[in-house]
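Trainee: Note that our numbering has the sequence shown beginning at 109, numbered continuously upward.
By construction, the Cβ of each residue, glycine as well, lies at the ideal position given by its N, Cα and C atoms.
In this text the structure is predicted, and so the values were computed from the model without any measurement.
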Amino acid sequence: MAKNRTFGSWAFLVGFILALIFGAFGAVDVLAWLLVVLGLVVGFLNITDKETKPFLLAGTVLVIVSALGANAMSVIPVVGSILNAILALFIPATIIVALKSVFQLAKE
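1. Determine the contact status of Phe120 and Val150, defining contact as a CB-CB distance below 8 Å.
2. Taking C-alpha atoms, which residue in Asp137, Ile190, Leu165, Ala166 lies nearest to Gly177?
3. Determine the direct distance from the alpha carbon of Pro162 to that of Leu107, and round the result to whole angstroms.
4. Apply the 10 Å Cβ neighbour rule to Ala166 and answer buried if 16 or more other Cβ atoms are within range, or exposed otherwise.
5. Assign Lys158 to one of three DSSP states: helix, strand, or coil.
6. I need the straight-line Cα distance from Leu170 to Leu128, nearest angstrom please.
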């Protein structure tokens, strides 16, 4: 379990750094699939049951603010592009953690 957790932590760190780089250089459209895959890895491997509620709250706020911020920051294209890249990373992670939470609730 610790090995999966370490891999998931690295996936999150690498994904976030790549989101910043891809967003800054405008490569989000081309490499969004990589951010989505890293987001899935984070959702599956990095978030424990104890961390589910805080992650869902923070992830949901981050997704909403990034989406609204990307539209509001259209005047500064680099900022909007970075926020879109962060969305590509966090939307899959948030969906996976939410689905895991729903299945856990259904099991109980």
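Mentor: Answer, in terms of the structure:
1. With contacts defined as CB atoms closer than 8 Å, Phe120 and Val150 qualify as a contacting pair.
2. Nearest option by C-alpha distance: Ile190.
3. Only positions 109 to 216 of the chain appear in this structure, which leaves residue 107 out of reach.
4. So Ala166 ends up on the exposed side.
5. coil
6. 15 Å
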